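*Asks:* One structure follows; several queries about it will come next.
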Amino acid sequence: MSNALPPELISESDIRDRIDTLAARISADYADKGEIVLIGVLKGAFIFLADLSRRLTIPRSIEFIAVSSYGSGSKSGAVRLLMDVRGNIEGKHVLIVEDIVDTGHTLLSIIDTFRSNGARSIRVCTLLDKPEAREVEVPVDYRG
1 MSNALPPELI
11 SESDIRDRID
21 TLAARISADY
31 ADKGEIVLIG
41 VLKGAFIFLA
51 DLSRRLTIPR
61 SIEFIAVSSY
71 GSGSKSGAVR
81 LLMDVRGNIE
91 GKHVLIVEDI
101 VDTGHTLLSI
111 IDTFRSNGAR
121 SIRVCTLLDK
131 PEAREVEVPV
141 DYRG
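Using my numbering, you'd call the opening residue of the sequence shown number 1 and step up by one each time.
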């Protein structure tokens, strides 16, 4: 077993610059909305969410969720919520923070859950997006 690292696909400075750009856009979009709730999808999004949150200039709180997909990946469309947010999101502006969006099944389930829980608005920010893998239509508002 080799200890060699895989080749670098995106440089750390490029990622940092893109997160700065995303944070500036999000801060501008939510400037007059009061506190927003950033909801990180565990485990993949936690570092991206931390980096993004540090660069935001708006009031925010942070929550996490954990989900599991039935079948192979999320293709079945059946998603189980393993860990829910602790706070009430009713009437709040929610920004779901994902590491990667591919088929869209998991994200669609998450959006539906927060919509049914009364979120005032729901937007999505993802570090990586794979629209060519999309099987269901999902909104991605901010793409890294």
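Each residue gets a CB set at the ideal place from its N, CA and C atoms; glycine is no exception. Quantities reported herein were computed from a predicted structural model and do not represent experimental measurements.
#1: When you compare the CB positions of PHE114 and MET83, do they come within less than 8 angstroms of one another, or not?
#2: Please give the ranges of any beta strand (DSSP E) in the stretch 58–140, keeping only runs that are unbroken, at least 3 residues long and fully inside the region.
#3: Rounded C-beta distance between VAL67 and VAL41? I'm assuming under 8 angstroms.
#4: Give me the Cα-Cα distance between ALA28 and GLU135, rounded to the nearest whole angstrom.
#5: Taking the beta carbon of ASP102 as the centre, do at least 16 other beta carbons fall within 10 Å, making it buried, or is it exposed?
#6: Tell me, please, whether the stretch 52–63 touches the stretch 32–41 by the rule of three or more beta-carbon pairs shorter than 8 angstroms.
#7: Pull up the CB-CB distance for ILE10 and CYS125, whole angstroms please, since I reckon it's below 8 angstroms.
#8: For GLY40, list the residues DSSP reports as bridge partners.
#9: Excluding the 5 residues preceding and the 5 following ALA23 in the sequence, name in chain order all residues of the same chain whose CB lies nearer than 7 angstroms to its CB.
#10: Report all residues from its chain with a CB closer than 8 angstroms to the CB of LYS43; omit the five preceding and five following residues, and keep chain order.
#11: Going by CA-CA distance only, name the one from VAL85, SER69, LEU95 and LEU81 that's closest to PRO59.
#12: Below 8 angstroms on the Cβ atoms is my contact criterion, and I expect ARG143 with ASP129 to pass it. Report the Cβ-Cβ distance as a whole number of Å.
#13: Excluding sequence positions up to five away, which residues of its chain have a Cβ less than 6 angstroms from the Cβ of LEU108?
*Replies:* According to the data block:
#1: On the sequence shown, position 114 is the one that residue 114 refers to. On the sequence shown, position 83 is the one that residue 83 refers to. MET83 is positioned such that its CB atom lies no closer than 8 angstroms to that of PHE114.
#2: 60–69, 79–83, 93–101 and 121–129
#3: Taking the sequence shown and counting its residues from 1, the one referred to as residue 67 is at position 67. Taking the sequence shown and counting its residues from 1, the one referred to as residue 41 is at position 41. So it is a contact: roughly 7 angstroms between Cβ atoms.
#4: Reading the sequence shown from its first residue, position 28 is the one you call residue 28. Reading the sequence shown from its first residue, position 135 is the one you call residue 135. Cα-Cα distance, rounded: 31 angstroms.
#5: Looking up residue 102 in the sequence shown gives position 102. It counts as buried.
#6: yes
#7: As a first step, residue 10 must be located in the sequence shown, where it is residue number 10. As a first step, residue 125 must be located in the sequence shown, where it is residue number 125. ILE10 to CYS125, Cβ: 17 angstroms. No contact.
#8: Locating residue 40 in the sequence shown gives position 40, counting from the first residue. DSSP, once it has assigned bridges, lists PHE64 and VAL97 as partnering GLY40.
#9: Stepping through the sequence shown from its first residue, residue 23 is reached at position 23. LEU52, ARG55 and LEU56.
#10: Within the sequence shown, the letter at position 43 stands for residue 43. For LYS43, where only same-chain residues beyond five positions count, the Cβ hits under 8 angstroms are ALA66.
#11: Within the sequence shown, numbered from 1, the residue matching residue 59 stands at position 59. Comparing alpha carbon positions, the residue from VAL85, SER69, LEU95 and LEU81 closest to PRO59 is LEU95.
#12: For the purposes of this step, residue 143 is identified with residue 143 of the sequence shown, where counting begins at 1. For the purposes of this step, residue 129 is identified with residue 129 of the sequence shown, where counting begins at 1. ARG143 to ASP129, Cβ: 5 angstroms. Contact.
#13: For the purposes of this step, residue 108 is taken as residue 108 along the sequence shown, with counting starting at 1. For LEU108, where only same-chain residues beyond five positions count, the Cβ hits under 6 angstroms are VAL136 and VAL138.
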